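Student: Supplied in structure tokens, the structure appears directly below.
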Amino acid sequence: MILNLIYIIIAPMHNLTPPQHIILLAGEKSGDLYGALLAQRLLSINPTSRLSGIGGDAMQKAGVQLWENTTYHSVMGFVEVFRSIRYWLKLRKKVIRHIIAEKPAAIILIDFPDFNLSVARLIKKTLGERSPFIFYFIPPQVWIWRKKRIHRIAKLCHTVYPLFSFENDLYQSRGIRSRYFGHPIRDMLSAGKYPQNPHQKQDNHITLGLLPGSRNQEVVRILPIMLQSILLYSQRSRQPLHLYISRVGEVDASIYETTHRHFPTLNITWCHTSDEVITHSDAILAKSGTVNLELIYHRKVSLIVYRTGTLTYLIARAWLRIRHISLINILAGNTVVREFIQHHARPESIAQEIEQLLLNDVYRHHMLDELDKLRASLFPESESPSVVNQIAADMLSIICR
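Note that our numbering has the sequence shown beginning at 814, numbered continuously upward.
Written out as structure tokens, the structure reads:
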């Protein structure tokens, strides 16, 4: 740890590290954001490094030369992935061809486990002892499902950088070199990465935030049920409502426009970031996923809505061995926020929960108390260097040994 801190401080000043070619592989929106943050830190420590790989707009702006923008092809679910398998197989060939030709010093896998582990396996098989260092930033959540993947990770990866301390303990218990510095989302939120909310709240309006996802199939299935629930609540309560909804660039614009036309009476403001939505809302309707950590950070009362294809849902039910799908509930070990999944995601039930979140003070305060406990555990007040700074320094110190 001390060596890494020294490395962070003096490496940029004295350019101690020679030029390095590092490849970053991300496949989804969240991975693109984390990849961009990591790329910035790598370049701040060693400005002569060359970064290339796959990811999205954020990584490209951070200085990564993209071979392919993958965030526009991101899908979720067993059936949905199968339908796009040809694209991903073709991309995997392209990535491996680049890696073999360019001989990088290191490959950084960022989330996206099925694709990334298959690339790592083929590189190890092809290059053998000549393989570059392979780091896994945000490794698979083997504690939730497909636990046997931990054996593949042990064979393929030099070091993993998990999101949670208990994941770090799990990986280390299996003999894997694992380094934990905290959750990288802390850097994004505490550093004010997201723009300040430009919208002015009307005092007599209740504000609800909607976070329906970052993929076409999620928004198509989740946003309409959220709006139906809110419409039902507003008709009963007769309270003026204002909605703030995240509108993601990777999602087809026509999906938002078509959905909006079906709810012309709802007062909607479209936002570019989840942070805009969260900070401006009295309560949140969100899908499960990384955004749940932002809800913890901002102490925002919320409910979770999720719908996927029927076959995907049935397969997931058979494979997953968890009681909850929201990270809030998984990390707490109990039900902090209500989850409305698949056929349980009904307007009547969701509208009743909205009423509890907005009007039941005892209910709200209990949820806030639970969120406070989680926030203190995940985002402790600290003067230590940024999480991603420490990860980047650790990676570079390994490469340059």
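Backbone N, C-alpha and C define an ideal beta-carbon position, used for all residues, glycine too. Since the structure is predicted, the reported quantities are computational estimates derived from the model, not experimental observations.
Between the stretch 1096–1115 and the stretch 1069–1078, can you find at least three pairs of beta-carbon atoms closer than 8 Å?
Tutor: Contact fails: fewer than three Cβ-Cβ distances are below 8 Å.
Student: Any chance the stretch 963–971 sits against the stretch 876–885, with 3 or more Cβ pairs inside 8 Å?
Tutor: With a cut-off of 8 Å, the stretch 876–885 and the stretch 963–971 do not count as touching, because too few Cβ pairs lie within range.
Student: Exposed or buried, residue 902, counting other C-beta atoms within 10 Å across all chains shown (16 or more means buried)?
Tutor: In the sequence shown, the residue the question calls residue 902 occupies position 89. So residue 902 counts as exposed.
Student: Between 1147, 957, 1143 and 1114, which lies nearest to residue 1173 when the distance is taken from Cα to Cα?
Tutor: Translated into positions along the sequence shown, residue 1173 becomes position 360. It is 1114.
Student: Residues bridged to residue 1156 by DSSP?
Tutor: Counted from its first residue, the sequence shown places residue 1156 at position 343. DSSP, once it has assigned bridges, lists no residue as partnering residue 1156.
Student: Short of 6 Å in beta carbon distance, which residues of its chain neighbour residue 848, apart from the five on each side in sequence? Order them along the chain.
Tutor: For the purposes of this step, residue 848 is identified with residue 35 of the sequence shown, where counting begins at 1. Hits under 6 Å: 837, 839, 868, 872 and 923.
Student: Who are the Cβ neighbours of residue 1163 in its own chain at under 6 Å, not counting the five residues just before and after it?
Tutor: The count along the sequence shown starts at 1 and reaches residue 1163 at position 350. Closer than 6 Å at the Cβ level, and outside the excluded window around residue 1163, lie 1042 and 1153.
Student: Hey, could you find the ends of the beta strand (DSSP E) residue 1138 is sitting in?
Tutor: For this step, residue 1138 is matched to residue 325 along the sequence shown. Element bounds for residue 1138: n/a, residue is neither H nor E.
Student: Can you round the beta-carbon distance between residue 1081 and residue 1056 to whole angstroms, since I take them to be within the 8 Å contact cut?
Tutor: As a working mapping, residue 1081 is identified with position 268 in the sequence shown. As a working mapping, residue 1056 is identified with position 243 in the sequence shown. That belief holds up - the Cβ atoms of residue 1081 and residue 1056 are roughly 5 Å apart, short of 8 Å.
Student: Determine which residues share a DSSP beta bridge with residue 1099 and list them.
Tutor: Taking the sequence shown and counting its residues from 1, the one referred to as residue 1099 is at position 286. 1024 and 1117, per the DSSP bridge assignment.
Student: Note down, in chain order, each residue of its chain lying with its Cβ closer than 8 Å to the Cβ of residue 929, except the 5 sequence neighbours on either side.
Tutor: What you label residue 929 is simply residue 116 of the sequence shown in a count that begins at 1. Cβ within range, chain order: 838, 840, 922, 923 and 949.
Student: Please report the straight-line C-alpha distance between residue 919 and residue 851, rounded to a whole angstrom.
Tutor: Position 106 of the sequence shown, counting from 1, holds the residue named residue 919. Position 38 of the sequence shown, counting from 1, holds the residue named residue 851. Spanning the two alpha carbons is a distance of roughly 14 Å.
Student: Using a 10 Å radius around the Cβ and a threshold of 16 neighbouring Cβ atoms, would you call residue 829 buried or exposed?
Tutor: What you label residue 829 is simply residue 16 of the sequence shown in a count that begins at 1. At residue 829, the pLDDT of 48 sits below 50, so the modelled position is not reliable and the matter cannot be decided from this model.
Student: Which residues does DSSP pair with residue 919 in a beta bridge?
Tutor: Here residue 919 corresponds to residue number 106 of the sequence shown, with the count starting at 1. 835 and 946.
Student: Any idea what DSSP makes of residue 1166, helix, strand or coil?
Tutor: Within the sequence shown, the letter at position 353 stands for residue 1166. Note: residue 1166 maps to helix in three-state DSSP.
Student: Going by C-alpha to C-alpha distance, which of 1170, 886 and 857 sits closest to residue 1020?
Tutor: As a working mapping, residue 1020 is identified with position 207 in the sequence shown. Out of 1170, 886 and 857, 1170 has the C-alpha closest to the C-alpha of residue 1020.
Student: Tell me the rounded alpha-carbon separation between residue 904 and residue 911.
Tutor: By 1-based counting over the sequence shown, the position of residue 904 is 91. By 1-based counting over the sequence shown, the position of residue 911 is 98. Whole-angstrom Cα-Cα distance: 11 Å.
Student: Can you give me the start and stop residues for the beta strand (DSSP E) that residue 882 sits inside?
Tutor: Position 69 of the sequence shown holds residue 882. Here the beta strand (DSSP E) through residue 882 covers 878–882.
Student: For residue 1064 and residue 1214, I'd like the C-alpha separation in whole angstroms.
Tutor: Residue mapping note: residue 1064 aligns to position 251 of the sequence shown, counting from 1. Residue mapping note: residue 1214 aligns to position 401 of the sequence shown, counting from 1. Those two C-alpha atoms are separated by around 43 Å.
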